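Using UniProt numbering, you'd call the opening residue of the sequence shown number 1 and step up by one each time.
All C-beta atoms in this analysis are idealised placements derived from N, C-alpha and C, irrespective of residue type, glycine included.
Values in this document were obtained by computation on a predicted structure and should not be read as measured data.
Here the structure is laid out as structure tokens; the discussion comes afterwards.
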Amino acid sequence: MEEDDFKSSKKSRIEDYEPLAIDTGRTDYSTDVSRGTTPADLRDGTESIAGSESNAATPTNERSSRRRDDQRNKSWLKNINLLWREIANHKNGAMFMNPIKENIAPHYYEIVKRPMDLKAIKNRIRDGIINTTIEFERDIVLMLNNSLMYNKEGTEVYLLAKEMLDDAVEQIKIFKTADTDTTASSHTRAATKKSAVPE
């Protein structure tokens, strides 16, 4: 074969291939040939498993799932803020509203390594740092245990903090029970709704 014939043959083979469009928003370009991924799948930014369309999430299902999650989150935020208000309105709550001042409690920040107060907890809820009831409970208990750790047992502040801790833990326990019941009933409602829909 002549050199010119070789070059023209090579050139025509290269022109036969369609260029692959790559989704620039995609970060994972690994493909599994055994699953039947095609360049068309990559262009769409989706991959499918041959013969398993029932496993594929439809946009409608994703939207309704996302909507349910958003509704649950809004409901939880509303309820956790109500619980925060109940705890903040405790008869001893005022002394835990703001950060401790060093001039009132000497060496407090040397003893307490992770200070916490009610306003900080409220801000952590607002900023999305506290996302669960367990995280909320952790910070409330931390705040009150800090007071128990710093103040001597039997002192007035110690007794007030202990009383508030007991009351707050009880309120959170009731909240958790109600939250679990609400979540379970919403799952039951969703299951009932699905079974009532004719196929």
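Of all C-beta pairs linking the region 130 to 148 to the region 164 to 174, three or more are shorter than 8 Å, placing the two stretches in contact. Annotation for Pro59: the continuous alpha helix (DSSP H) segment containing it runs Pro59 to Ala88. The C-alpha of Asn61 is placed about 56 Å away from the C-alpha of His107. Annotated as proximal: Thr133 and Phe175, with beta-carbon spacing under 8 Å. For the pair Trp76 and Ile121, the CB atoms are not nearer than the 8 Å cut-off. Pairing Lys91 with Lys162, the inter-Cα distance amounts to about 13 Å. Excluding residues up to 5 positions away in sequence, Asp139, Leu142, Met143 and Asn146 lie with their Cβ nearer than 7 Å to the Cβ of Met116 in the same chain. The C-beta separation of Asn89 from Lys119 comes to about 14 Å, leaving the pair out of contact by the 8 Å criterion. Within the UniProt domain "Bromo" (88 to 158), the runs of alpha helix (DSSP H) that reach at least 4 residues and sit entirely inside it are, in chain order, 108 to 111, 118 to 126 and 133 to 150. Around the Cβ of Leu160, a 10 Å sphere holds 16 or more other Cβ atoms; the residue is buried.
With a beta-carbon spacing of about 6 Å, Ile80 and Ile125 fall inside the 8 Å limit used to define contacts. Between the C-alpha atoms of Gly154 and Met164 there is a straight-line separation of about 15 Å.
For Ala178, there are no CB contacts under 6 Å within the same chain when 5 residues up- and downstream are skipped. The residue among Ser65, Lys74, Pro59 and Arg68 with its C-alpha nearest the C-alpha of Gly128 is Lys74.
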